[in-house]
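Right, one structure below, let's go through it.
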Amino acid sequence: MTMVIAYAWQDKVVMMADSRSSRTDENGNMIEFEDDNEKIIPVQNWFSIGHAGLRKAYLGNGAYLEMDEVTNHFLKMNESTLSKQNGEQLLEGIVRTWNRTLSEKLQRNPLSLENRYCFALGSFVENKSGELEPKIHTYQSHFNEFQFGGRKAVIGDDAVYPIIMPYYEEDTDNWTLKETVDFYKKGFVEVMNQVETVGGPIDIFVLDRNPEKSYWLEHKPNN
1 MTMVIAYAWQ DKVVMMADSR SSRTDENGNM IEFEDDNEKI IPVQNWFSIG HAGLRKAYLG
61 NGAYLEMDEV TNHFLKMNES TLSKQNGEQL LEGIVRTWNR TLSEKLQRNP LSLENRYCFA
121 LGSFVENKSG ELEPKIHTYQ SHFNEFQFGG RKAVIGDDAV YPIIMPYYEE DTDNWTLKET
181 VDFYKKGFVE VMNQVETVGG PIDIFVLDRN PEKSYWLEHK PNN
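If you read the sequence shown in UniProt numbering, its first letter stands for residue 1, the second for the next number, and so on.
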């Protein structure tokens, strides 16, 4: 699967993800993996999307559908209106597209553990004072559950949660950006040492409420 961490820091959303995709046997043992996957998608620098879970769906005759293509198709079809959508609308639209693709095109149950997938979406929400605040929205298919308006989120394999929770629960609001990044990278290393489905380079994207100031802090192959 993977692990994605997203957290609000000052007027930004920082999103971090590993790069591993893997295949397991019927007993859940990993039999092959690749460490070159992109799991964070910046959307016109207005949003950032982190994806964990199902990455390929078998079509038959040796062919697979890369599930990122479903996300990218939705974004392309709605390109002209993305800046007018809020994060909740965008995430709900992506999930509807995924579920329709899984159920109608692939004849799969989108809520089954076999087809488990999760999203974390960073965006900005206008508060009562008219200022834009960084917020994180999530969806987990196996619970069929959205959570909107958080300041921190972790999505990934069940095995990552007991390891990463002490990092997740730490109050880092008053730390510097470098201190927060170093802290959560330490958490990634600890997870990678114990969970074989999480690995490879860590990509880090910083979403700013001014889209022109959003940037990759670390991005393979340079990290």
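Note that the Cβ used here is the ideal one computed from N, Cα and C, for glycine as well.
Rounded separation between S21 and K186 - CA only:
Cα-Cα distance, rounded: 21 Å.
Can you tell me whether DSSP reads L59 as helix, strand or coil?
Strand at L59.
What are the uninterrupted segments assigned as alpha helix (DSSP H) that are 4 or more residues long and contained completely in the region 50-99, given in chain order?
For the region 50-99, the continuous alpha helix (DSSP H) assignments of 4+ residues that do not extend past its boundaries occur at 68-77, in sequence order.
Within 8 Å, do at least three Cβ pairs link the region 119-129 to the region 71-90?
Flag = yes, the region 71-90 and the region 119-129 touch.
So who's on the other strand from M30, going by DSSP bridges?
Looking at the DSSP assignment, M30 forms a beta bridge with T24.
By how many angstroms is the C-alpha of T172 removed from the C-alpha of D43?
Checking the displayed sequence, the identity of residue 43 turns out to be Val instead of Asp. One Cα belongs to V43, the other to T172, and the distance between them is close to 26 Å.
Grab me the residues of G149's own chain with a C-beta within less than 6 Å of its C-beta, minus the 5 sequence neighbours each way, in chain order.
Only residues of its own chain outside the window of five on either side were considered, and among them K135 have a CB closer than 6 Å to the CB of G149, listed in chain order.
Going by other Cβ atoms of all chains shown within 10 Å of its Cβ, with 16 needed for buried, is G60 buried or exposed?
Answer is exposed; the Cβ neighbour count stays below 16.
N144, buried or exposed, once every other Cβ within 10 Å from all chains shown has been counted against 16:
With a 10 Å radius around the Cβ and a threshold of 16 neighbouring Cβ atoms, N144 comes out exposed.
For V4, three-class secondary structure by DSSP
Three-state DSSP puts V4 in a strand.
Leaving out five residues on either side along the sequence, give the residues of the same chain with a beta carbon under 8 Å from the beta carbon of N27.
Cβ neighbours of N27 beyond the five flanking positions: none.
Cβ neighbour criterion (16 or more within 10 Å) applied to Y64:
With fewer than 16 other Cβ atoms from the protein chains shown falling within 10 Å of its own Cβ, Y64 counts as exposed.
When burial is assigned at 16 or more other CB atoms within 10 Å of the CB, is K128 buried or exposed?
Exposed is the call here.
Among residues of its own chain, excluding the 5 on either side of M192, which ones have a beta-carbon nearer than 6 Å to its beta-carbon?
Excluding sequence neighbours, M192 sits near V198 and G199.
Continuous beta strand (DSSP E) stretch holding G149: start and end
Unbroken beta strand (DSSP E) run through G149: E145 to G150.
Below 6 Å CB to CB, which residues in the same chain sit around E69 once its five sequence neighbours on both sides are set aside?
Apart from the 5 residues on each side of it in sequence, E69 has no Cβ closer than 6 Å to any other Cβ in its chain.
Would you call the region 98-110 and the region 30-43 in contact, with 3 or more CB pairs under 8 Å?
The region 98-110 is not in contact with the region 30-43.
Burial state of N210 (16 or more Cβ within 10 Å):
So N210 counts as exposed.
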